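Peer 1:
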Amino acid sequence: RRKKMVERVTELMDKPERIRNIGIVAHIDHGKTTLSDNLLAGAGMISEDLAGKQLFMDSDEEEQARGITIDASNVSMVHTYGGQEFLINMIDTPGHVDFGGDVTRAMRAVDGAVVVVDAVEGTMPQTETVLRQALKEGVRPVLFINKVDRLVNELKVDQQEMQIRLGKVIDKVNKLIKGMNEKMYNDGWKLDAAMGTVAFGSALYNWAVSVPFMQKSGVSFKDVFEKCNAGDMKWLAKNSPLSDVLLDMVVKHLPNPTDAQKRRIPIIWHGDKETAEGKTMMNCDPNGPAALMVTDISFDPHAGEVATGRLFSGTLKRGTELYVMGTAKRANRLSQVGIFMGAERIEVEALPAGNIAAVTGLKDAIVGSTVSTMMDITPFEALKHYSEPVMTVAVEAKNMKDLPKLVEVLRQVGKEDPTVQVSINEETGEHLIAGMGELHLEIITGRIKRDKGVEIITSPPIVVYRETPTQKAGPVEGKSPNRHNRFYIELEPMDPAVIDLILKGEVSMNQQVIERRDILVTAGMDKDEAKNIKAIEGTNMFIDMTKGIQYLNETMELVLDGWREALRGGPLADEQVQNLKIKLLDVKLHEDAIHRGPAQVIPAVRSAVKAGILYAGDSLLEPVQKIQITVPTEQMGPATSQIQGRRGQVFDMLSEGDTMTVIGKAPVAELFGFAGDVRSATEGRAMWSTEFAGFEVVPGGIVDEVVKGIRKRKGLKEQIPRPEDYLA
Ligand code: GDP
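Per UniProt numbering, the sequence shown runs over residues 3 to 730.
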């Protein structure tokens, strides 16, 4: 039987029109895991016994213990529709808000998304976030309204009310789609129950219906209501099986890779469409240069490092030599090429474009890498994470002899999870792990201890801050230690419109100069500046306004290195710098290359930038989270004070029936222990979620204290440096 399945899967992978690459996305607890497991079971890819016990996709022990899904894992299934077989590759995505970054990378690999919404709760903040991520990547959504049984059994609604509520959920999701991308909405991405882009059902009880299915089968909303009401889920599961209805919807309404890539490549790849690689990708052509985007890296005890990603063009085979863009130009030879069958990885002879590939041998790749048979192609747009690391823990090995192992493990962690930042504090020698929140860091440190077997001591989590200029400054002169090289720079805060374009991925260094210039000029940037951008790092920009300076070209990389070093730690608190625009106005270079090497240029630029940031009114920013708490109306007071008592601000209160939703924001620094406090303040009756909402200025009343605290913790001098200290 297994052999037969291998044959079917490998046959289908050569026929892009028979492939669907999809992801399931949802707010936490809306039923994504239950749905994934039951789809696999329904398609005969795992035993029915295992399904529904959440043992499958949540393979990580941690995930099982906490009941949440953390890693995007990959599975595939074969589904028959209209007498033909289809290969459905499904990438699981985490449902917890702390892991937003993972949803982004899963969306890069797929072409369609099943958005799951709890019929009782309706759309939640995370529903909005994942939907936005899907649309950003050009991924087409369909909707599954789950837990319909709860409407009938818990809310005791009648049939009419049930249908009205389902309609309201659809309207709400459509409103979100329209608000996020009106063009896509008008181009047919509006959800429409009559068309069959919406299904309703119960993942837990294994049934679903859609309008086309009801027309075909004769099962009606009346049946749904009556069977739910009578608790006869068996009838529904038998007469409207979940996997049939859902996978029919997927095959019929979500695009195959060939169709999808025509629309998606222009969104996720900004190279020249007329090049060999451009054409091959646009056509999802298996002949021609290979282009793979790595979206996941995991460590398999047998195979070693397995890179998973979407193959947008070409064909991969064992022995294929590939190059990882942005690294040393050395060939990485593939030792295994595989695809997924169920949750198993099986080796194949040759894997063509349009599939999700799992390969070994890509030594130089990390999550987010663009990999190609060509040595130098324009990389795919970088994966945009909607959350940023907001908390850090310091870790050290319990036993000194484990230190080399810890260093290696931290390197792996950084590779596996692109939302984690691993670094070393030069002053103290501590290893730092920055993540998206308390829970995220707990899970990572837990894994280091358990899976990787390294005993570590972990500090309590601390907040990650940022520094940013508030006004113009300059010109500032930076001198090299030998005084023979001089750099003159001007600094200013970046225009918010430009920051927005960078964050949206519409402006990047992967673009062609002309395209980037035009977008920036339209956004109001000076034309001369817009065409002379040398580098973009986070939301910082370096512009070269000089003309015809001898040797500058060959020295530019060192100049940028100096600039990057300054960005890594600002003068105030040695925290990352953001939203800084720098213009290089003039340069004097020694004519002998020996006297303008790294040891001269890097410190000269670095100190000019640091001094300049101080002149430009350096200010400290702290991460802020949006908070949404839903409680029974009588608990509104305690819920509100949970936000207000934390230097927070409530900006909306919505009431529906006897529940109240309080929406507000508060700084991360004040949110330690929030979960426990909300629970006890509301007698455990609150449903809440938090979401990254950017960085904001630390209020004047406390900023001195905060800066002092950070400097002390980092072992820096108590006194904040003056500009002259850098320019001496
Ligand atoms: P995830 O966080 O989105 O992966 O959600 P899970 O699949 O873990 O489901 C969250 C909870 O909802 C679990 O306790 C499930 O048993 C329950 N659940 C999932 N689907 C249904 C459903 O259709 N009806 C009911 N009543 N409960 C469900």
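Virtual Cβ for every residue (Gly too), placed ideally from N, Cα, C.
Computed from a prediction, not measured in an experiment: that's the story for all the values here.
Are glutamate 469 and leucine 622 close, meaning C-beta to C-beta below 8 Å?
Peer 2: yes
Peer 1: Indicate whether the contact test is met: 3 or more Cβ pairs, each with one atom in the region 534-550 and one in the region 578-590, closer than 8 Å.
Peer 2: yes
Peer 1: Express the C-alpha separation of lysine 590 and residue 2 in angstroms, rounding to a whole number.
Peer 2: In the structure displayed, the chain extends from 3 to 730; residue 2 sits before or after that span and is not available.
Peer 1: Buried or exposed for arginine 598, please, with buried defined as at least 16 other CB atoms from any protein chain shown within 10 angstroms of its CB.
Peer 2: buried
Peer 1: Going by the CB atoms, is the gap between arginine 20 and glycine 114 shorter than 8 Å?
Peer 2: Using a Cβ distance threshold of 8 Å, glycine 114 and arginine 20 do not count as a contacting pair.
Peer 1: Under a Cβ-count criterion, where at least 16 other Cβ atoms within 10 Å of its own Cβ denotes burial, should methionine 92 be classed as buried or exposed?
Peer 2: buried
Peer 1: Relative to the C-alpha of residue 1, which candidate in Phe653, Ser212, Gln646 and Glu398 has its C-alpha closest?
Peer 2: Nothing can be reported for residue 1: it is not among the residues displayed for the chain, which extend from 3 to 730.
Peer 1: Distance, Cα to Cα, glutamate 63 vs aspartate 453?
Peer 2: Here glutamate 63 scores only 49 on pLDDT, less than 50, and its place in the model should not be relied on; the value that follows carries that caveat. Cα to Cα, glutamate 63 sits roughly 10 Å from aspartate 453.
Peer 1: Kindly identify the DSSP beta-bridge partner or partners of tyrosine 490.
Peer 2: Glu479 and Asp588
Peer 1: Just reading off the beta strand (DSSP E) that glycine 448 is part of, what are its end residues?
Peer 2: It is not in any beta strand (DSSP E) - glycine 448 instead sits in the alpha helix (DSSP H) that spans 440-452.
Peer 1: Could you check what DSSP says for lysine 319 in three-state terms: helix, strand or coil?
Peer 2: strand
Peer 1: In chain order, what residues of the same chain lie with their CB nearer than 6 Å to the CB of alanine 618, ignoring the 5 residues before and after it?
Peer 2: Pro471, Gln473, Ala475 and Leu493
Peer 1: In the region 15-50, which residue ranges form an unbroken alpha helix (DSSP H) of at least 4 residues, counting only runs that do not cross its ends?
Peer 2: 34-44
Peer 1: Short of 8 Å in beta carbon distance, which residues of its chain neighbour proline 483, apart from the five on each side in sequence? Order them along the chain.
Peer 2: Within its own chain, the residues whose Cβ lies closer than 8 Å to the Cβ of proline 483, once the five positions on either side in sequence are excluded, are Ala601, Gln602, Pro605 and Ala606, listed in chain order.
Peer 1: In terms of residue numbering, what span does the beta strand (DSSP E) encompassing methionine 295 cover?
Peer 2: 293-302
Peer 1: For alanine 613, which of Val509, Lys714, Val478 and Asp594 has the nearest alpha-carbon?
Peer 2: Val478
Peer 1: Out of curiosity, what's the CA-to-CA distance linking proline 669 and lysine 365?
Peer 2: 40 Å
Peer 1: State yes or no: is the C-beta of aspartate 31 nearer than 7 Å to some heavy atom of the ligand GDP?
Peer 2: In this structure, the C-beta of aspartate 31 approaches the ligand GDP to less than 7 Å from one of its heavy atoms.
Peer 1: With a cut-off of 8 Å, do at least 3 Cβ pairs link the region 112-126 to the region 27-36?
Peer 2: For the pair of segments examined, the region 112-126 was found to touch the region 27-36: the number of CB pairs separated by less than 8 Å reaches three.
Peer 1: What is the residue span of the alpha helix (DSSP H) that glutamine 414 lies within?
Peer 2: 405-418
Peer 1: Kindly confirm or deny that the region 368-377 and the region 390-397 touch, where touching means at least three C-beta pairs closer than 8 Å.
Peer 2: no
Peer 1: Which residue from Asp660, Glu658, Glu279 and Ile631 puts its Cα closest to that of glutamine 646?
Peer 2: Ile631
Peer 1: Does the beta-carbon of alanine 730 have 16 or more other beta-carbons within 10 angstroms, so that it is buried, or is it exposed?
Peer 2: exposed
Peer 1: Which residues in the same chain have their Cβ closer than 8 Å to the Cβ of alanine 333, if we skip the five residues on either side of it in sequence?
Peer 2: Glu323, Leu324 and Tyr325
Peer 1: According to DSSP, which residues form a beta bridge with alanine 201?
Peer 2: Phe146
Peer 1: Between which residues of its own chain and methionine 182 is the CB-CB distance below 8 Å, once the five residues before and five after are set aside?
Peer 2: Leu133, Arg134 and Leu137
Peer 1: Closer than 8 Å by C-beta to methionine 558: which residues in its own chain qualify, once you throw out the five before and the five after it? Chain order, please.
Peer 2: Lys536 and Asp546
Peer 1: Only counting the same chain, and skipping five residues up and downstream in sequence, which positions put a Cβ closer than 7 Å to that of valine 409?
Peer 2: none
Peer 1: Quick one: is alanine 436 buried, meaning 16 or more other Cβ sit within 10 Å of its Cβ, or exposed?
Peer 2: buried
Peer 1: Indicate whether cysteine 230 and valine 122 have their beta-carbon atoms separated by less than 8 Å.
Peer 2: No, the pair does not count as a contact, with Cβ atoms beyond the cut-off.
Peer 1: Check whether the Cβ of asparagine 148 sits closer than 7 Å to any heavy atom of the ligand GDP, and report yes or no.
Peer 2: yes
Peer 1: Nearest CA to the CA of alanine 291: which residue from Arg687, His255, Ala278 and Phe202?
Peer 2: Residue identity differs from the one stated: residue 291 is proline in this sequence, not alanine. Here the closest residue by C-alpha is Ala278.
Peer 1: Comparing C-alpha positions only, which one of Val700, Gly316, Leu248 and Val211 sits nearest to alanine 352?
Peer 2: Residue Gly316 holds the alpha-carbon nearest to the alpha-carbon of alanine 352 among Val700, Gly316, Leu248 and Val211.
Peer 1: Do the CB positions of methionine 543 and methionine 496 come within less than 8 Å of each other?
Peer 2: yes
Peer 1: If you draw a straight line from the C-alpha of valine 308 to the C-alpha of proline 723, how long is it?
Peer 2: 46 Å
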